[in-house]
Amino acid sequence: MLENDIIVEVKDGCPLDVKMKYPLLGLNNAVTGCYLRKTVYELLLKAQSNLPEGLHLRIWDAWRPLSLQKELYETYRLDLIRTFNLSSLSHKEQEAFISKYIAIPSKNPDCPPAHTTGGAIDLTLIDEGGNELEMGTDFDDFSEKAATDYFEKSEFDGSTIQKNRRILKDAMTKAGFTNLPSEWWHYDYGNRNWANFSKNEAVYKGVFNEQDLIIE
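Just so we're aligned, residue 43 is where the sequence shown starts under the numbering used here, counting upward by one.
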């Protein structure tokens, strides 16, 4: 078994902060445990060491079962159709647009949603008091402000939000992660998103059920 295939459970405060969003939001298929590939966890520790003193990473979401991905897709699909006036488009056209924001819940282990691989992570920054830093939008925001570089516009130069997003992106990319440009909170390693942006081959396949996780 390759080390990259091993899943580890990340416990709160070791030294990363864990506050899984979907159980708090009451989704039926949310998992309370925070699971990541072992290499991804080790890279997160490097990212934590890249942060200025007094700041810490807070994990919002990591590995997801396919059942949660399906639930999220169906939930957000309707919101996206309304928000972006997609009702006049064909189902295929709607899917193509929606997939930019939420991965289609494919059952193909070689072409899986990013979060089912254990190589995708959603996170933010907190201070020593556990307070989340101002990042401009909440988690799972579908507005243009969620784009990582949105606050790089000249009118935001020197703003707190610009600074905070830069700190997070710098720490994560220096550790080896790639960022999903449409979501400031989403980073990848070893999956298809990472492969596309880093010009490497994807390492991780999908693991679709909690009972199939190989946990160290």
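Every residue, glycine too, gets a C-beta built ideally from N, C-alpha and C.
query, result
"Within 8 Å, do at least three Cβ pairs link the segment 225 to 232 to the segment 151 to 168?", "yes"
"Are PHE193 and THR220 close, meaning C-beta to C-beta below 8 Å?", "no"
"How big is the Cα-Cα spacing for LYS195 and PHE181?", "21 Å"
"Check the C-beta distance from LEU58 over to LEU97 and give it rounded, since I have them as a contact under 8 Å.", "Actually they do not touch by this definition, with Cβ atoms about 12 Å apart."
"Excluding five sequence neighbours on each side, which residues of the same chain lie with their C-beta closer than 8 Å to the C-beta of LEU93?", "LEU99, LEU167, ILE209 and ALA213"
"Can we say the segment 103 to 115 touches the segment 49 to 69, given the rule of at least three CB pairs closer than 8 Å?", "yes"
"To the nearest angstrom, report how far apart GLU252 and LYS211 are at their CA atoms.", "30 Å"
"Is the Cβ-Cβ distance between ASN150 and GLU113 less than 8 Å?", "no"
"Is DSSP giving TRP236 helix, strand or coil here?", "helix"
"Please state whether the Cβ-Cβ distance between GLY178 and ARG79 is less than 8 Å.", "no"
"Measuring only the C-alpha atoms, how far is TYR246 from ASP54?", "24 Å"
"How is VAL60 classed by DSSP in three states: helix, strand or coil?", "strand"
"Compute the distance between the beta-carbons of LEU38 and LEU122, then report whether it is under 8 Å.", "Lying before the first or after the last residue shown, residue 38 is absent from the chain, which here runs from 43 to 258."
"When you compare each of GLU176, THR125 and ALA217 to GLN204 by their alpha carbons, which one comes out closest?", "GLU176"
"Secondary structure at GLU51, three-state DSSP: helix, strand or coil?", "strand"
"For TYR77, list the residues DSSP reports as bridge partners.", "GLU51"
"Report, in whole angstroms, the separation of the C-beta atoms of ALA188 and LYS88, which I expect to be a contact under 8 Å.", "With 8 Å as the limit, ALA188 and LYS88 do not qualify as a contact, their Cβ atoms being about 25 Å apart."
"Which partner residues does HIS133 have in the DSSP bridge list?", "DSSP, once it has assigned bridges, lists no residue as partnering HIS133."
"Smallest Cα separation from ARG234: which of THR159, ARG207 and ASP183?", "THR159"
"Check for me: the beta strand (DSSP E) holding ASP164 runs from which residue to which?", "162 to 168"
"Could you check the C-alpha separation between LEU222 and THR215 for me, to the nearest Å?", "11 Å"
"Which of the three DSSP states, helix, strand or coil, is assigned to LEU255?", "coil"
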